[in-house]
Amino acid sequence: MSLRKDGRLSRRELMKALSMCAAGSTVLGPLLSGCRDALDTPEALEQRGGVRQLQGDGKPRFLIVVGAAGGASIIDSLLAVRASEAGAQASRLNTFPDAQVQGVDGSPFRAVRVSSPKLGSINIPVNTDQLPFVRKHRDSMLVATSVGTSVNHVIAQKRSLTGNAAWRGRTLQECVALQYGSGFPIPNVNMGVGGYAERGTDASLPTYCYGEVVTNPSLWPLGLDGSKGLKDVPSRDVLALARRTRDGLDAQSVFGQTFENAAALRRWNEQRGVGQPALELRELISRLNILPNLPPRIPLTEYGLSSSPDAARLRSVFPDYFTDPVQGQAALAFLLLKYRVSVTVTLGPSFNVAVGGENGIANPPLAFDFSHNDHRTGQAFMWARVMGVVDKLIDLLAAEPFDEAAGESLWDRTLIYVATDFGRTRSRAPDASEFGTGHDLNNGFLMLSPMLRGNTVLGGIDPLTTLTYGFDPRTGTPEPGKVSSNEPDIFAGILTALGVDTSGSGLPDASAFVRT
Numbered sequence: 013m014s015l016r017k018d019g020r021l022s023r024r025e026l027m028k029a030l031s032m033c034a035a036g037s038t039v040l041g042p043l044l045s046g047c048r049d050a051l052d053t054p055e056a057l058e059q060r061g062g063v064r065q066l067q068g069d070g071k072p073r074f075l076i077v078v079g080a081a082g083g084a085s086i087i088d089s090l091l092a093v094r095a096s097e098a099g100a101q102a103s104r105l106n107t108f109p110d111a112q113v114q115g116v117d118g119s120p121f122r123a124v125r126v127s128s129p130k131l132g133s134i135n136i137p138v139n140t141d142q143l144p145f146v147r148k149h150r151d152s153m154l155v156a157t158s159v160g161t162s163v164n165h166v167i168a169q170k171r172s173l174t175g176n177a178a179w180r181g182r183t184l185q186e187c188v189a190l191q192y193g194s195g196f197p198i199p200n201v202n203m204g205v206g207g208y209a210e211r212g213t214d215a216s217l218p219t220y221c222y223g224e225v226v227t228n229p230s231l232w233p234l235g236l237d238g239s240k241g242l243k244d245v246p247s248r249d250v251l252a253l254a255r256r257t258r259d260g261l262d263a264q265s266v267f268g269q270t271f272e273n274a275a276a277l278r279r280w281n282e283q284r285g286v287g288q289p290a291l292e293l294r295e296l297i298s299r300l301n302i303l304p305n306l307p308p309r310i311p312l313t314e315y316g317l318s319s320s321p322d323a324a325r326l327r328s329v330f331p332d333y334f335t336d337p338v339q340g341q342a343a344l345a346f347l348l349l350k351y352r353v354s355v356t357v358t359l360g361p362s363f364n365v366a367v368g369g370e371n372g373i374a375n376p377p378l379a380f381d382f383s384h385n386d387h388r389t390g391q392a393f394m395w396a397r398v399m400g401v402v403d404k405l406i407d408l409l410a411a412e413p414f415d416e417a418a419g420e421s422l423w424d425r426t427l428i429y430v431a432t433d434f435g436r437t438r439s440r441a442p443d444a445s446e447f448g449t450g451h452d453l454n455n456g457f458l459m460l461s462p463m464l465r466g467n468t469v470l471g472g473i474d475p476l477t478t479l480t481y482g483f484d485p486r487t488g489t490p491e492p493g494k495v496s497s498n499e500p501d502i503f504a505g506i507l508t509a510l511g512v513d514t515s516g517s518g519l520p521d522a523s524a525f526v527r528t
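The opening position of the sequence shown corresponds to residue 13 in my numbering, with each subsequent residue numbered one higher.
Below you can see the structure in the form of structure tokens.
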């Protein structure tokens, strides 16, 4: 659905969005409230090992995945290397002039400052300084160095979520949805791209664990009610009667009788008859809607619609929410967690150009992969973009109570994982300030959460090569020279910090990730 040329949403367009629910969308359907497969009863799931009791204090925890598409280089941010540290090869490696790498007192992290009159060949200035972000969030930040197994974008992106199929091919999001999401309307919402948007390969999971794909975060909430948003609509009682009549006629049809016991049809009927009405009762069409009532362009009240109680605040925090997909995604992510719709949300930039921002471009072509054209400014621009959105999300979550009696905020129970494809090659022409880079397996991942062992780097970096090395996932002991793949360690560490029950998974002990 899109705006007309005059910028106004027509009745036809509103109806098109709303009909997604009314028709029982095959995308939305499997994840609606109360829509559990007839075969996915608690008893059946327990027999199949699918039911997970809430760990620890019995309250849910939340995962936000930020897909840093294109290869977010950890040595262009938190593990940057000064030229003076790299010896004779400094001019040929991706090192920075000493003045551009800022230390943080009492922290292993560093912060890069980059200033350039243009972004590669694009005539917009780049002025970024990572220091305020690092100072503000260092105590909840953990960087785990990594060596991946693919430099293909889509494959590497998916492996960053599955630990290279570390646990039956499940994604992190599916694991969290299985652990905490059975009572949530849409446990796993995915607004990512490429491999970040793919589901795992464990077909034994209940369907609610799989990601609900959202392509337009600003308009998607308008499809969460089968009738609201239409003029002169009958009452809910009349609609319920019509639905019951429809269901009865369907059951008596030749098709309904022929496939009466088919699992797919049973699932469809429960989704349509139980899940959809239950979802509508939550008023998510309004609670998740940050669009303003702005007639004649966006005439919400004309169609009986309203904005979320949080809409004005979110539009202030994310002013480009409608044109910058990542801002829109972040706003929706906050609302999905606040209103207990989801336990895991995935967002992040795509490879497409997005207009907006202070200089007219919010997202450059290829996102972090713009580094092929100009590594230094591409990385600086995109790291600023990711850190800016993460910073605002943390502020929103920290200000939102989760359990007032326990003094907990929503942020206290949330982990943000900046998942990226891979690292970038380290070489450059001697003393070049403008250079392109390729894909490299060697890198590191940024995570933020009060549940993590904060202000911590697991692993390390060799300044003479600018390559990272590994660590013991149980103790956190650095292991210089270790360059073998550790994708399962990262996967296990995130799940451990989130309190997910990994018994029987075969995953390594990743205690080093958890705050003690």
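Cβ atoms here follow ideal geometry from the backbone N, Cα and C, with glycine treated the same way. Please read these numbers as outputs of a predicted model, since none were measured by experiment.
Three-state secondary structure (DSSP) of residue i
| i | result |
| --- | --- |
| residue 491 | strand |
| residue 153 | strand |
| residue 463 | coil |
| residue 347 | helix |
| residue 314 | helix |
| residue 177 | coil |
| residue 56 | Note that residue 56 has pLDDT 41, beneath the 50 cutoff, so the model's placement of it is unreliable and no number is given. |
| residue 429 | strand |
| residue 413 | strand |
| residue 40 | Unreliable positioning characterises residue 40 in this predicted model, as indicated by a pLDDT of 43, which lies under 50. The coordinate reading is nonetheless provided below. It is coil, neither helix nor strand. |
| residue 142 | coil |
| residue 334 | coil |
| residue 63 | Summary for residue 63: the model assigns pLDDT 45, below 50, so the residue's position carries little reliability, and this model does not support an answer. |
| residue 373 | strand |
| residue 271 | coil |
| residue 525 | helix |
| residue 257 | helix |
| residue 216 | coil |
| residue 408 | helix |
| residue 510 | coil |
| residue 518 | coil |
| residue 192 | helix |
| residue 455 | strand |
| residue 228 | coil |
| residue 366 | strand |
Nearest-angstrom beta carbon gap, residue j and residue i [assumed within contact, 8 Å]
| i | j | result |
| --- | --- | --- |
| residue 210 | residue 170 | 5 Å |
| residue 492 | residue 505 | About 20 Å separates the two Cβ atoms, so there is no contact after all. |
| residue 345 | residue 76 | 6 Å |
| residue 154 | residue 470 | 7 Å |
| residue 362 | residue 337 | 7 Å |
| residue 139 | residue 152 | Not quite, the Cβ-Cβ distance comes to about 26 Å (not below 8 Å), so this is no contact. |
Short Cβ contact (8 Å threshold) for residue i with residue j
| i | j | result |
| --- | --- | --- |
| residue 387 | residue 448 | yes |
| residue 428 | residue 78 | yes |
| residue 350 | residue 422 | yes |
| residue 488 | residue 157 | no |
| residue 84 | residue 430 | yes |
| residue 80 | residue 478 | no |
| residue 160 | residue 379 | no |
| residue 526 | residue 459 | no |
| residue 133 | residue 385 | yes |
| residue 405 | residue 342 | yes |
| residue 141 | residue 395 | no |
| residue 461 | residue 432 | no |
Sequence-distant residues of the same chain with beta carbon closer than 6 Å to residue i, five excluded per side
| i | result |
| --- | --- |
| residue 450 | 437 |
| residue 517 | 179 |
| residue 245 | 239 |
| residue 382 | 376, 390 |
| residue 176 | 161, 499 |
| residue 515 | none |
| residue 480 | 157, 454, 456, 471, 473 |
| residue 58 | Because residue 58 sits at a pLDDT of 35, beneath the cut-off of 50, its placement in the model cannot be relied upon, and the point is left open. |
Same chain, Cβ closer than 7 Å to residue i, neighbours up to 5 away in sequence not counted
| i | result |
| --- | --- |
| residue 233 | 296, 297, 300, 301 |
| residue 546 | Here the chain covers residues 13 to 528 and nothing more, so residue 546 does not appear. |
| residue 189 | 199, 200, 220, 221, 355, 356 |
| residue 192 | 66, 72, 73, 355 |
| residue 441 | 447 |
| residue 498 | 158, 159, 482 |
| residue 475 | 93, 97, 98 |
| residue 206 | 81, 165, 166, 169 |
Spatial neighbours of residue i in its chain, beta-carbon cut-off 8 Å, leaving aside the 5 residues before and after
| i | result |
| --- | --- |
| residue 365 | 373, 375, 376, 377 |
| residue 33 | Annotation note: pLDDT 38 at residue 33 (below 50); position unreliable, no value reported. |
| residue 116 | 122, 123, 143, 146, 147, 150 |
| residue 217 | 62, 182, 186, 190 |
C-beta neighbour in chain D for residue i, strict 8 Å
| i | result |
| --- | --- |
| residue 130 | Looking for chain D here will not work: only one protein chain is present. |
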